[in-house]
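What follows is a short report on a single structure.
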Amino acid sequence: GATLARQHMLSRQHTLMRTLVRNGLVCSQPAVAPQSTNALERFASTRADKQAAVARDFFEKNEKSGRPMSPHLTIYSPQLTSMLSITHRGTGIALTCAIYGGSIYLMSAHHGANATDFTTLVEGIKAMQLPAAVPFVAKMAVTFPMMFHSFNGVRHLAWDSGKGFEMKKLYQTGWVVLALAIGTSAPLCI
Amino acid sequence: TMLSRSSILAARSLSKSGSVMFRVGAAGQLQCFHSSPPLNEKTSHDSAATSHWKFERVASVALLGLVPAAAIVGPNQGIDMALSVLIPLHCHWGMQQVIMDYVHGKTTLTAANAALSLLSLLAFAGMVHFTLYDVGPTKAVQLLWTIK
Chain A
1 GATLARQHML SRQHTLMRTL VRNGLVCSQP AVAPQSTNAL ERFASTRADK
51 QAAVARDFFE KNEKSGRPMS PHLTIYSPQL TSMLSITHRG TGIALTCAIY
101 GGSIYLMSAH HGANATDFTT LVEGIKAMQL PAAVPFVAKM AVTFPMMFHS
151 FNGVRHLAWD SGKGFEMKKL YQTGWVVLAL AIGTSAPLCI
Chain B
1001 TMLSRSSILA ARSLSKSGSV MFRVGAAGQL QCFHSSPPLN EKTSHDSAAT
1051 SHWKFERVAS VALLGLVPAA AIVGPNQGID MALSVLIPLH CHWGMQQVIM
1101 DYVHGKTTLT AANAALSLLS LLAFAGMVHF TLYDVGPTKA VQLLWTIK
């Protein structure tokens, strides 16, 4: 009588626990140390450990086998979305290198035997009397990344506020960003 | 089924108010407790990841205002100092994401992050030095643009 009732209650709680885990309300490894280790809790924690061990062995085995990987970047068709995304990253990296390199160089140029300041360096470049195309290209090399990264940055911030994820919007805003970037950098460099 | 739809919904709304955990007590009874404080108390905090994400966007928005301001106002030590802080910060956080995406393995990851932190610190120092002891970034761009 009493044993049967207890068994019935335990099986109901096992079903409850299982349903809660499957619905994502409870993790199968409780973060709090269980104060009563009944079979249910011991079952849940060893199962998670075993799953982690199986996953680890799977990756190790695959790496050891030395099998070739399927092509990915080399075969995926380029699209506006992905191309603008990698350009955003590329311009960011390029601008970082320019700013970091420039500021560290200029700080070091201020000290030592041949110390110069920025105005002197600019005079020196002017004295080189470079053909007009060279300053224009150099300015474009800085301005276009800056403009593209800024306009695409606005697009990114719009995404962060949840707007503009529809396919049509992605492509429209993408083309607008590209047009603005090219359209603003050329006049700024003349 | 043993668990009705309404009780799952009730439990789900409960779990939104922080983390609700269930456990089986000593007498075999089901107990419910919070593993983090519920939101109706005024003590809910963002995780470190959430704060980081927020500050990344704050810096980005600030820069979107600062750079045009520098272009319009012209050389100004206040704007230049703000640029000297925000530009290295924005670059540092951006490069951290790039490193996280492409660098794998614990030792190489630590080395890459250490190198980036050193470079960011030097760049920040360089920009502050440039603002205080030289013309500053805004004037520098103006001077560069005079090269024809």
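Sequences listed follow chains A and B, in order. In terms of this note's numbering, the first sequence has 58 at position 58, counting the first letter as 1, and numbering is strictly consecutive. In this note's numbering, each residue's number is its place in the second sequence (first place is 1) plus 1000. Just so you know, even glycine gets a beta-carbon here, dropped at the ideal spot from N, CA and C.
Fill in: Proximal residues to Val-177 (chain A) (C-beta, below 6 Å), its chain only, five neighbours per side dropped
So the list reads Phe-151, Asn-152, Arg-155, once near-sequence residues are dropped.
Worksheet entry | Span separating the alpha-carbon of Pro-1068 (chain B) from that of Val-1141 (chain B) | CA-to-CA, the gap between Pro-1068 (chain B) and Val-1141 (chain B) works out to about 13 Å.
Practice prompt. Would you be able to state if there are at least three C-beta pairs under 8 Å between the segment 61 to 78 of chain A and the segment 1100 to 1116 of chain B?
Written response: In short, these stretches do not touch, since the Cβ pair count stays below three.
Discussion item. Using DSSP's beta-bridge definition, name the partner residues of Val-137 (chain A).
Written reply: Under DSSP, Val-137 (chain A) takes part in no beta bridge, so it has no partner.
Discussion item. Counting only Cβ pairs nearer than 7 Å, list the residues of chain B close to Asn-38 (chain A).
Written reply: Neighbours of Asn-38 (chain A) on chain B, chain order: Val-1024.
Practice prompt. Determine, using beta carbons only, whether Leu-95 (chain A) and Pro-131 (chain A) come nearer to each other than 8 Å.
Written response: Going by beta carbons, Leu-95 (chain A) and Pro-131 (chain A) fall outside the 8 Å limit.
Fill in: Closest Cα partner of Ser-185 (chain A) within the set A:Met-140, A:Phe-165, A:Arg-22, A:Thr-173
For Ser-185 (chain A), the nearest C-alpha among the options comes from A:Met-140.
Worksheet item: Taking the continuous alpha helix (DSSP H) assigned at Met-69 (chain A), which residues delimit it?
Response: Per DSSP, Met-69 (chain A) lies in no alpha helix (DSSP H) segment and is marked neither H nor E.
Discussion item. For Ser-1044 (chain B), report the span of its alpha helix (DSSP H) as first-last.
Written reply: From DSSP, Ser-1044 (chain B) is part of no alpha helix (DSSP H); its letter is neither H nor E.
Worksheet entry | Contact set between Ile-945 (chain B) and chain A, taken where Cβ atoms lie within less than 7 Å | As shown, chain B starts at 1001 and ends at 1148. That puts residue 945 (chain B) outside it, with no answer to give.
Practice prompt. Give, in chain order, every residue of the segment 94 to 117 of chain A whose Cβ lies closer than 7 Å to some Cβ of chain C.
Written response: You won't find chain C in this structure, because its protein chains are A and B.
Item to complete: Return the residue from the list B:Thr-1043, B:Met-1081, B:Ser-1047, B:Val-1058 that minimises the CA-CA distance to Val-1135 (chain B).
Response: Nearest in C-alpha terms to Val-1135 (chain B), of all of B:Thr-1043, B:Met-1081, B:Ser-1047, B:Val-1058, is B:Met-1081.
Discussion item. With a threshold of 8 Å between beta-carbons, can Val-177 (chain A) be considered close to chain B, or not?
Written reply: Chain B contact via Cβ: absent.
Fill in: Cut-off 7 Å between Cβ atoms - residues of its own chain near Thr-143 (chain A), not counting five sequence neighbours on either side
Exclusion of the five residues before and after Thr-143 (chain A) leaves Ser-185, Leu-188, Cys-189 as the residues of its chain whose Cβ lies within less than 7 Å of its Cβ.
Worksheet item: Where do the ends of the alpha helix (DSSP H) carrying Gly-1078 (chain B) lie?
Response: Its alpha helix (DSSP H) spans residues 1077 to 1102.
Worksheet item: Per DSSP, which one or two residues make a beta bridge with Leu-1119 (chain B)?
Response: Leu-1119 (chain B) is not bridged by DSSP to any residue.
Discussion item. Under DSSP, the alpha helix (DSSP H) around Ala-1140 (chain B) begins and ends at which residues?
Written reply: First-last of the alpha helix (DSSP H) with Ala-1140 (chain B): 1137 to 1145.
Discussion item. 8 Å is my cut-off, CB to CB: does Thr-3 (chain A) come that close to chain B?
Written reply: No, Thr-3 (chain A) lies away from the interface with chain B (no Cβ there is under 8 Å from its Cβ).
Practice prompt. Give the DSSP-derived three-state secondary structure of Leu-178 (chain A) in the structure shown.
Written response: Leu-178 (chain A): helix per DSSP, three-state reduction.
Worksheet item: Are the C-beta atoms of Gln-13 (chain A) and some chain B residue less than 8 Å apart?
Response: Closer than 8 Å to some Cβ of chain B, the Cβ of Gln-13 (chain A) qualifies, so yes.
Worksheet item: For Phe-136 (chain A) versus Ala-181 (chain A), is the C-beta distance shorter than 8 Å?
Response: Contact check for Phe-136 (chain A) against Ala-181 (chain A) fails: the beta carbons are separated by 8 Å or more.
Discussion item. Any C-beta of chain B within less than 7 Å: which residues of the segment 59 to 83 of chain A qualify?
Written reply: In summary, no residue of the segment 59 to 83 of chain A has a CB separated from any CB of chain B by less than 7 Å.
Worksheet item: Which stretch, first to last residue, makes up the alpha helix (DSSP H) that contains Phe-118 (chain A)?
Response: First-last of the alpha helix (DSSP H) with Phe-118 (chain A): 118 to 127.
Worksheet item: Interface residues of chain A around Phe-1130 (chain B) at Cβ under 8 Å?
Response: By Cβ distance, chain A contributes Ser-103, Leu-106, Met-107, Phe-118.
Discussion item. Quick test of your reading: Ile-1147 (chain B) and Ile-99 (chain A), contact by CB under 8 Å. State the CB separation rounded to the nearest angstrom.
Written reply: Going by Cβ atoms, the distance from Ile-1147 (chain B) to Ile-99 (chain A) rounds to 19 Å, so no, they are not a contact pair.
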